[in-house]
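Reviewing the structure listed below.
Protein chains in written order, with my numbering: chain A, 39 to 482; chain B, 12 to 86.
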């Protein structure tokens, strides 16, 4: 703006300001156009790759557009330079051009125009295509386009499979061979599209969209038998890749190029080297083996069920018998206890009896011993007493020569006074009694 | 089981059931329940396999689309 202002100040006085706008100016358009031309010419000279469209030649220059899926540029080249190259340009031809931007500012009598001034031009080769492919690959990868298909769940046993391929190609037979190998015999929906033409990307994308729109289609194979990278360039189309990335069904790519990987290989859920392999990947299980395994599983389940029922029957039978068995056990236990009790009681009685006999015997002996001893003792005492009595017997005294004085009645007189009183006494000797009279008393 | 039954989820569940039954740890009631569930799953898997065993049916996309348009529903 400063440059435009400076240039405008030098060439003409500024017009009165527009009151409604806060923008600077107004400036003469020619000054602005000249600054724009100068600015565009400062852009670095580069090489571009794209497809040529609308080629036309004038006496001095040739004009064409260079296009790709994201944009286009008007290009021009000096006629003499172009003729020196000796090439013929047709719509769609992929070119590499070198040059830079230019802007013709026009005038009061001529229209302005922008152009990329081409100083170099060549038809794009495989290296150019690969370089372009790599740039696109990096850009799509950075956007996460390659991840979307990988997140889809692939069915283990699809019943309907869609296939996009050429109608006349060998890929068709290879897909069928792969499916037969897996024992798969479901529904196959063919969506034929040109796969050799590098402009076929739109038709391939349309076929994919139509297949994905059918609810029964569970997975789609894109198959092609191989070819040069130029032939395969349809499968590197950005729009096709974005279409594939956004499909609801998983896509298995089998474009059949071993050395250079196409972009659809990157964006698809799975990339396979051959259509046969793609078909095998589309049906992960071997259907024949799965049938055999399922039958085996069914047999095992049946076996478990059968055994479980038998086990239940056994358990029920056991439960039914349990009360009587329990009673029997208890009865046997009680009988045993009773037997033990009786035996124990018998043993106790016998033991008691035996002990009582012993006690009795001991008692008897003890009693016997006690009785004998007492009798002897008493006998001895009696003898002793007899002897003591005998010692005091008056008869024994009389026997030794003494005499007993008795009154007339026979009562002993133990003193002289008693004898004097009695007067008439009896003298008892060992061998008889003699009457006597006390006389000394009268004398005194 | 998931609300959306698939062949692979059914097969995985059958294998799980058989492992449990083979372990001998399931009691009688669980065994009978597992066997019943397993039989249902086997029937489902058998029907899925039957669908891809009746013979390869080849259709062109345009034929299928035309058929869908005629019937106005799934074939």
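Yeah, the Cβ is synthetic: ideal placement off N, Cα and C, and Gly gets one too. Note that this is a predicted model, so its numbers are computed, not measured.
Check, Outcome
"According to DSSP, residues forming a beta bridge with residue 114 of chain A", "A:101 and A:155"
"Sheet register partners of residue 91 of chain A (DSSP bridge)", "A:103"
"Three-state secondary structure (DSSP) of residue 309 of chain A", "strand"
"DSSP state of residue 85 of chain B mapped onto helix, strand, coil", "Residue placement at residue 85 of chain B cannot be trusted, given a pLDDT of 47 that sits under 50; what the coordinates show is reported in the next sentence. Looking at residue 85 of chain B - three-state DSSP - the assignment turns out to be coil, as it is neither helix nor strand."
"Interface flag, residue 76 of chain B vs chain A, CB-CB below 8 Å", "yes"
"Short-range partners of chain B found in the region 183-195 of chain A, where Cβ spacing is below 9 Å", "191, 193, 194 and 195"
"Interface positions of the region 305-338 of chain A facing chain B (Cβ-Cβ less than 7 Å), listed along the chain", "325, 328, 329, 332, 335, 336 and 338"
"For residue 116 of chain A and residue 103 of chain A, the rounded distance between their alpha carbons", "15 Å"
"C-beta atoms of residue 262 of chain A and residue 289 of chain A nearer than 8 Å", "no"
"Beta strand (DSSP E) segment containing residue 290 of chain A, residue limits", "289-292"
"Distance between residue 344 of chain A and residue 86 of chain B (C-alpha atoms, nearest Å)", "In this predicted model, residue 86 of chain B has a pLDDT of only 46, less than 50, meaning its place in the structure is not dependable enough to derive any value."
"Which of helix, strand or coil DSSP assigns to residue 440 of chain A", "coil"
"contact_flag[the region 67-75 of chain A, the region 136-143 of chain A] where n(CB pairs < 8 Å) is 3 or more", "yes"
"C-beta atoms of residue 224 of chain A and residue 253 of chain A nearer than 8 Å", "no"
"Residues near residue 380 of chain A in its chain [Cβ-Cβ closer than 7 Å; skip 5 each side]", "none"
"Beta-carbon proximity of residue 228 of chain A to residue 63 of chain B, cut-off 8 Å", "no"
"Close beta carbons around residue 36 of chain A, own chain, < 8 Å, minus the five adjacent residues each side", "The displayed coordinates of chain A run from 39 to 482. Any statement about residue 36 of chain A would go beyond what the structure contains."
"is_contact[residue 49 of chain B, chain A] using C-beta, thresh 8 Å", "yes"
"Neighbour list for residue 225 of chain A in chain B, Cβ cutoff strictly below 7 Å", "68 and 70"
"Residue 482 of chain A classed as buried or exposed, judged by whether at least 16 other C-beta atoms fall within 10 angstroms", "Its pLDDT being 42, under 50, residue 482 of chain A is placed unreliably in this model, and the value from its coordinates should be taken loosely. Result: exposed."
"Alpha helix (DSSP H) segments (min. 4 residues) lying fully within the region 29-64 of chain B", "39-62"
"Residue 347 of chain A versus B:69, B:42 and B:55, residue with shortest Cα-Cα distance", "B:42"
"Beta-carbon proximity list for residue 15 of chain B, same chain, < 7 Å, skipping 5 on both sides", "none"
"DSSP-derived helix/strand/coil call for residue 482 of chain A", "No answer about residue 482 of chain A holds up, because its pLDDT of 42 lies below 50 and its placement is not dependable."
"Residues sharing a beta bridge with residue 161 of chain A, DSSP", "A:133"
"Chain A residues whose Cβ lies nearer than 9 Å to that of residue 18 of chain B", "193, 194, 195, 323 and 328"
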